[in-house]
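Working notes, beginning with the structure itself.
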Amino acid sequence: MNFLAEIQEVLAIDVRIEQNKFYVQLEDGREIGVPYNWFWLLNQATDAERKDWRFISDRYGIHWEVIDEDISIAGIIKGHKNQEPPRP
């Protein structure tokens with residue numbers, strides 16, 4: 003199995019929301035801290051909006067309902083960011 007395929011198969015088991023970042027606990031025992039400023043919608047969100055998350059795609063992603071943000075676990079592991087809003 004190649005590395006990319008392994009990343010695509012990593013599942014999250016929990017998300018912890020903190021003041022400056024959120025933490026994703028992975029099924030393999032790792033925990034990854036992600037700063038809110040990696041994702042402009044999360045960076046602008048309130049604490050209550052950040053805490054309103056749920057898993058999607060059988061735990062391969064996280065969805066924030068109120069701010070309509072979806073982030074894949076594979077994207078977090080790869081370091082993908084969405085720091086700026088789309089330009090009109």
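Numbered by the working numbering, the letters in the sequence shown go through residues 3 to 90 in order. The beta-carbon is built from N, C-alpha and C at its ideal position, and this holds for glycine as well.
For residue i, report the span of its alpha helix (DSSP H) as first-last.
i      : result
LEU13  : Counting along the chain, LEU13 falls outside any alpha helix (DSSP H), and DSSP gives it neither H nor E.
ILE75  : 75-80
ARG89  : Premise fails: ARG89 is in no alpha helix (DSSP H) and is neither H nor E.
ILE46  : Residue identity check: residue 46 is Gln in the sequence provided, not Ile. Start and end: 42-46.
ARG132 : The question about residue 132 has no answer here: the residues shown for the chain are numbered 3 through 90.
Is residue i buried or exposed, if buried means 16 or more other CB atoms sit within 10 Å of its CB?
i     : result
GLY77 : buried
VAL68 : exposed
ALA14 : buried
Is the CB-CB distance between residue i and residue j below 8 Å?
i     : j     : result
ASP54 : TRP66 : yes
ILE79 : VAL12 : yes
What residue range does the beta strand (DSSP E) around residue i cover?
i     : result
GLU33 : 33-37
LYS83 : From DSSP, LYS83 is part of no beta strand (DSSP E); its letter is neither H nor E.
Measure from the alpha carbon of residue i to the alpha carbon of each residue in the options, then state which is nearest.
i     : options                    : result
ARG89 : LYS23, ASP70, GLN21, TRP42 : TRP42
PRO87 : ARG32, ARG52, LEU44, ILE19 : LEU44
Which whole-angstrom value is the C-beta distance of residue i and residue j, which I expect to be below 8 Å?
i     : j     : result
GLY35 : LYS23 : 5 Å
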